[in-house]
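In what follows, a structure is listed as structure tokens, so that the remarks can point back to it.
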Amino acid sequence: MAVALLEVRHLKKYFHTAEGVVRAVDDVSFTLDAGRTLGLVGESGSGKTTTAYMIAGIHQPTSGEVLFEGRNLAGPRSRELRRQIQMVFQDPGTSLNPTHSIKDILTLPLRVHGLARGPQLEARARELIEHVHLPASFLYKYPRELSEGEKQAVAIARAIAVNPKLIVLDEPTASLDVSMQAWILRLLLELQQEFGFAYLLITHDLSLMRNFATDVAIMYLGRIVETAPADAFFTRPRHPYTQMLISSIPVVTDEEEALKPAQVVSQGEIPSPVNPPSGCRFHTRCPRRFEPCDREEPVMLELEPGHCAACHLYSGGQAAPSQRDNP
Ligand code: SF4
6 MAVALLEVRH LKKYFHTAEG VVRAVDDVSF TLDAGRTLGL VGESGSGKTT TAYMIAGIHQ
66 PTSGEVLFEG RNLAGPRSRE LRRQIQMVFQ DPGTSLNPTH SIKDILTLPL RVHGLARGPQ
126 LEARARELIE HVHLPASFLY KYPRELSEGE KQAVAIARAI AVNPKLIVLD EPTASLDVSM
186 QAWILRLLLE LQQEFGFAYL LITHDLSLMR NFATDVAIMY LGRIVETAPA DAFFTRPRHP
246 YTQMLISSIP VVTDEEEALK PAQVVSQGEI PSPVNPPSGC RFHTRCPRRF EPCDREEPVM
306 LELEPGHCAA CHLYSGGQAA PSQRDNP
């Protein structure tokens, strides 16, 4: 059986705070194959960014495993493994050193990883800046002279400088205006087609996934509640939380409206990850909850090839039907 590029197994990250133990990530598993894009989606506090930080090596897991091409990433990572997994952060303003020129920013990882030296450094920096469609003259500018979108393009050029196999994208367009968002997304797609990177895209914005992700995983309160290929995800969402998120995406055409699930309105606020609800963690907000939901934790079931959801509606339970629903 082919080994996945990235496999996450039962990953947990607990933080000890004055309020108690925050279960930021609480038993998360998924895989990502080479050249594909997994969108990890969730509201604020769902644990998606903490998951990304563990994969990138910024946080150490409380327990669980991160495997890259079958190798366990526990403990200090070799330089080679650090090269293979790169990250692009949400705010390019803080991720680029303001005292370094763009050329210095792009050549630093080349020097650290021994990938170029002498005149090769400038030549490679020129290649990289061209790959992200910025003029070569930008090599002699500083981050403060660039727009937010241009800074993010430089951050992407820095990430691809070392020829990684996986790039973790943490809300890469969240700080950009709409036209810059579209430009950065097109750039990322183009680079993926040319170089075959796999992307793990962290976002709270489901609509961003439509034209970008090949696969989607939805997180709620530290757990994944649904995973699916992107097509199935948008046309046949199965978990009530996913249906709620998709039903609230604005659409333009009648055809898109017809594909949306019936409006699912959640109740209440997101509970605290310090004291998550018993049973299904979504039961305090779910309009379709029924008898076992507040005491029995649903298991993840494969409902069709590659499409899984953790919900009692699919494990033989009974609940009030809803319009245009899929179970
Ligand atoms: Fe709603 Fe119950 Fe499914 Fe949870 S398990 S999403 S409460 S129906």
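Read in order, the letters of the sequence shown are residues 6 to 332 in my numbering. Each residue gets a CB set at the ideal place from its N, CA and C atoms; glycine is no exception.
Let's see if you can read the secondary structure: which residues bound the alpha helix (DSSP H) around E48?
Sequence index remark: in the sequence shown, residue 48 carries index 43 (1-based). DSSP places E48 in no alpha helix (DSSP H); its state is neither H nor E.
Cα separation between Q328 and Q248?
Here residue 328 corresponds to residue number 323 of the sequence shown, with the count starting at 1. Here residue 248 corresponds to residue number 243 of the sequence shown, with the count starting at 1. Below a pLDDT of 50, predicted positions are generally treated as unreliable, and Q328, at 39, falls in that range; no measurement from the model is reported.
Counting by C-beta, which residues lie closer than 7 Å to a heavy atom of the ligand SF4, in chain order?
With 7 Å as the limit, the residues whose C-beta approaches any heavy atom of the ligand SF4 more closely are H244, P245, Y246, C285, F287, H288, C291, R293, R294, F295, C298, P303, C316, H317, L318, A324, in sequence along the chain.
For L16 and G62, what's the separation of their Cα atoms in angstroms?
Looking up residue 16 in the sequence shown gives position 11. Looking up residue 62 in the sequence shown gives position 57. Counting only the Cα atoms, G62 lies some 13 Å from L16.
Going by the CB atoms, is the gap between A162 and H244 shorter than 8 Å?
On the sequence shown, residue 244 is found 239 positions in, with the first residue counted as 1. On the sequence shown, residue 162 is found 157 positions in, with the first residue counted as 1. No, Cβ-Cβ distance for H244 and A162 is not below 8 Å.
Neighbourhood of G69 by C-beta distance below 7 Å, restricted to the same chain and skipping five residues each side:
Here residue 69 is taken as the residue at index 64 of the sequence shown, counted from 1. Here the set comprises R14, H15, L16, K17.
Suppose you measure from the CA of A325 to the CA of E309; what does that come to, to the nearest Å?
Stepping through the sequence shown from its first residue, residue 325 is reached at position 320. Stepping through the sequence shown from its first residue, residue 309 is reached at position 304. The predicted model places A325 with a pLDDT of 44, which falls under 50 and marks its position as unreliable, so this point remains unresolved.
Beta carbon of L43 nearer than 8 Å to that of A222
Translated into positions along the sequence shown, residue 43 becomes position 38. Translated into positions along the sequence shown, residue 222 becomes position 217. In this structure, A222 lies closer than 8 Å to L43 by Cβ.
Cβ-Cβ distance between A57 and P278 below 8 Å:
For this step, residue 57 is matched to residue 52 along the sequence shown. For this step, residue 278 is matched to residue 273 along the sequence shown. The criterion of a C-beta distance shorter than 8 Å is not satisfied by A57 and P278.
Using CA atoms only, rank isn't needed, just tell me which of D236, R87, E150 is closest to H312.
Stepping through the sequence shown from its first residue, residue 312 is reached at position 307. Nearest option by C-alpha distance: D236.
Classification of A233 by the beta-carbon crowding that lies within 10 angstroms, buried from 16 upward:
The residue labelled residue 233 in the question sits at position 228 within the sequence shown. Counting of Cβ neighbours within 10 angstroms places A233 among the buried residues, the total reaching 16 or more.
Note down the Cα distance separating E24 from V304, rounded to an integer number of angstroms.
For the purposes of this step, residue 24 is taken as residue 19 along the sequence shown, with counting starting at 1. For the purposes of this step, residue 304 is taken as residue 299 along the sequence shown, with counting starting at 1. Roughly 29 Å separates the two Cα atoms.
Just to confirm the assignment, what range does the beta strand (DSSP E) spanning L306 have?
If you number the sequence shown from 1, residue 306 lands on position 301. Counting along the chain, L306 sits inside the beta strand (DSSP E) bounded by residues 305-309.
Can you round the beta-carbon distance between L115 and L126 to whole angstroms, since I take them to be within the 8 Å contact cut?
On the sequence shown, position 110 is the one that residue 115 refers to. On the sequence shown, position 121 is the one that residue 126 refers to. About 6 Å; that satisfies the 8 Å criterion.
Within this structure, are the beta carbons of F202 and P169 separated by less than 8 Å?
By 1-based counting over the sequence shown, the position of residue 202 is 197. By 1-based counting over the sequence shown, the position of residue 169 is 164. Yes, these two residues count as a Cβ contact at 8 Å.
From T289, A7, V167, residue whose alpha carbon lies closest to that of Q89:
Taking the sequence shown and counting its residues from 1, one reaches residue 89 at position 84. Of T289, A7, V167, the residue nearest in Cα terms is V167.
Within 10 Å of its beta-carbon, does D138 have 16 or more other beta-carbons around it, so buried, or fewer, so exposed?
The count along the sequence shown starts at 1 and reaches residue 138 at position 133. A small fix is needed here, since residue 138 is His in this sequence, not Asp. Answer is exposed; the Cβ neighbour count stays below 16.
Name the DSSP bridge partner or partners of I172?
Within the sequence shown, residue 172 is the residue found at index 167, counting from 1. Answer is Q91, Y204, bridged to I172.
Between which residues of its own chain and T178 is the CB-CB distance below 6 Å, once the five residues before and five after are set aside?
Translated into the one-based positions of the sequence shown, residue 178 becomes position 173. Q186, I189.
Span separating the alpha-carbon of L171 from that of Q91:
As a working note, residue 171 is residue 166 in the sequence shown. As a working note, residue 91 is residue 86 in the sequence shown. Cα atoms of L171 and Q91: separation of roughly 6 Å, rounded to the nearest angstrom.
Return helix, strand or coil for T232, following the three-state DSSP convention.
The sequence position of residue 232 within the sequence shown is 227, counting from 1. Judged by DSSP in its simplified three-state form, T232 adopts strand.
Under the rule that 16 or more other beta-carbon atoms within 10 Å means buried, what is S320, buried or exposed?
Numbered from 1 along the sequence shown, position 315 holds the residue referred to as residue 320. Around the beta-carbon of S320, fewer than 16 other beta-carbon atoms lie within 10 Å, marking it exposed.
Quick one: what's S34 bridged to in DSSP?
Against the sequence shown, residue 34 aligns to sequence position 29. DSSP lists no partner for S34.
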